[in-house]
Amino acid sequence: MEIKTKSRIEATLLAPIAKRMNISPDCITAFSILLCIIAGYFVLQNSLAYGALFWLLSGIFDSLDGAIAKTHRRSTKFGSLFDKVADRINDAIILCAIILAGLVELWIGLAALVLITIASYASACLDAQVEKTTGERISLRAVRTGIIFIGLLLGMKISVQYAVYIVLVIGAYALASRLIYAKRVLG
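When we follow the UniProt record's numbering, the leftmost residue of the sequence shown carries the number 1, and every step to the right adds one.
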């Protein structure tokens, strides 16, 4: 999803909801973590449909915090940092729950989590090097959320395994694309 497309989606779908919500974006971010913990609990209980539902809600609230910050002019540097940290916390919660529930092999789940985390770290380092936010050309967080949601919603071990395999490939792609971009920009 191009950044322009992402902005249009935020303006069309999230902004009307954000206008009605006069709450701290940081509270929404924290609530997304709580929803993810609930999703992880349901995955551990093998209630994959409920896990999928709460995972999706967590992702929606994760997107909503930024829309609220923009709509109500409450964007802060801390809020941006907290949102990125919450994303990694949520990735860890859901992937650890999937691993602990025995839905995917340990090394596959850990590899997916490590690649996602390192790609995010590479983005942060690149942003610091060029002293501006380079941004994502593709909203890989939203893509990963959707893939894991579908895998859980289908309710079969094999569907969750394939979802994590796809997330692993996305993590590898994200890291490689950021390193290639960094080489081009930094020399």
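Don't be surprised by glycine CBs; every beta carbon is placed ideally from N, CA and C.
In this chain, the alpha helix (DSSP H) harbouring residue 167 covers 157-186. If you ignore the 5 residues before and after residue 59, its C-beta comes within less than 6 Å of the C-beta of 145, all in its own chain and listed in chain order. Rounded to the nearest angstrom, the Cβ distance from residue 160 to residue 112 is 12 Å, too far for a contact under 8 Å. Residue burial annotation: residue 187 is exposed, with fewer than 16 other C-beta atoms found within 10 angstroms of its C-beta. A direct Cα-Cα distance of roughly 29 Å separates residue 22 from residue 41.
For the 8 Å CB-CB criterion, residue 178 and residue 124 do not form a contact. According to the DSSP assignment, residue 101 belongs to no alpha helix (DSSP H), since it is labelled neither H nor E. Straight across, the Cα-Cα distance linking residue 157 with residue 24 is about 38 Å. Assignment of residue 24 by DSSP, reduced to helix, strand and coil, places it in the coil class. DSSP, reduced to helix, strand and coil, places residue 76 outside both helices and strands of the structure shown, so it counts as coil. Taking residue 168 as the centre and dropping the five residues before and after it, the same chain places the C-beta of 111 and 112 closer than 6 Å to its C-beta, in chain order. Annotation: residue 175 to residue 115 spans about 7 Å, alpha carbon to alpha carbon. Taken through DSSP and simplified to helix, strand or coil, residue 32 comes out as helix. A direct Cα-to-Cα measurement between residue 155 and residue 16 gives close to 33 Å. Inter-segment contact for the region 56-72 and the region 23-37 is present: three or more beta-carbon pairs are separated by less than 8 Å. Assigned with DSSP and collapsed to three states, residue 63 falls in helix. Contact annotation: residue 109 and residue 99 have beta-carbon atoms nearer than 8 Å. If you look at residue 140, you'll find it in the alpha helix (DSSP H) that goes 140-154. DSSP, reduced to helix, strand and coil, places residue 45 outside both helices and strands of the structure shown, so it counts as coil. By alpha-carbon distance to residue 38, the top candidate from 105, 122, 63 and 97 is 97.
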